[in-house]
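Heads up, the thing below is written out as structure tokens.
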Amino acid sequence: MAVIDDGAGIEAADRERVFERFVRLEDGRRRDTAGSGLGLAISRDIAHAHQGTLRIEDSARGARFVLRLPLIEGRHLSA
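Numbering-wise (my numbering), the sequence shown opens with residue 5 and increments by one.
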């Protein structure tokens, strides 16, 4: 699954740093005073708990967050 925003994007040098707890980039602090810098760290932890990944990839506009989770075959979900 990919989520792309239309903001300024995230510099390559900051792409791993934004997944650290309580990290907020300078531009984000100026635009929005809300937030604690935990959302991306928690999201990546959840992805890892399910043997998946959450990464930031190059995008022509904004930031592109890509969540990959493994396909589990042979399991059926019932409603």
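The beta-carbon is built from N, C-alpha and C at its ideal position, and this holds for glycine as well. Source: prediction; values computed, not measured.
Exercise for the section: Compute the Euclidean distance between the alpha carbons of residue 33 and residue 80, then round it to the nearest angstrom. Expected result: Residue confidence for residue 33 is low, a pLDDT of 48 falling below 50, so the modelled location carries little weight; the figure read from the coordinates is stated next. Distance between the alpha carbons of residue 33 and residue 80: 44 Å.
Handout entry: Own chain residues within Cβ distance below 8 Å of residue 63, not counting five before or after
Key = Hits under 8 Å: 8 and 13.
Problem - 6 Å Cβ shell around residue 74 - same chain, five flanking residues per side excluded - result: Cβ within range, chain order: 55.
Practice task
Return the residue from the list 39, 44 and 26 that minimises the CA-CA distance to residue 70.
Solution key: Checked all of 39, 44 and 26; the closest Cα to residue 70 is 44.
Handout entry: Supposed close pair residue 11, residue 28 - CB separation, criterion 8 Å
Key = For residue 11 against residue 28, the beta-carbon gap comes to about 14 Å, at or over 8 Å, which does not count as contact.
Handout entry: N-terminal and C-terminal residue of the beta strand (DSSP E) that residue 59 is part of
Key = That run of the beta strand (DSSP E) goes 57 to 61.
Problem - Beta-carbon proximity list for residue 60, same chain, < 8 Å, skipping 5 on both sides - result: Hits under 8 Å: 14, 19, 22, 67, 68, 69 and 70.
Exercise for the section: Report the three-state DSSP secondary structure of residue 19 (helix, strand or coil). Expected result: Under the three-state reduction of DSSP, residue 19 is assigned to coil, being neither helix nor strand.
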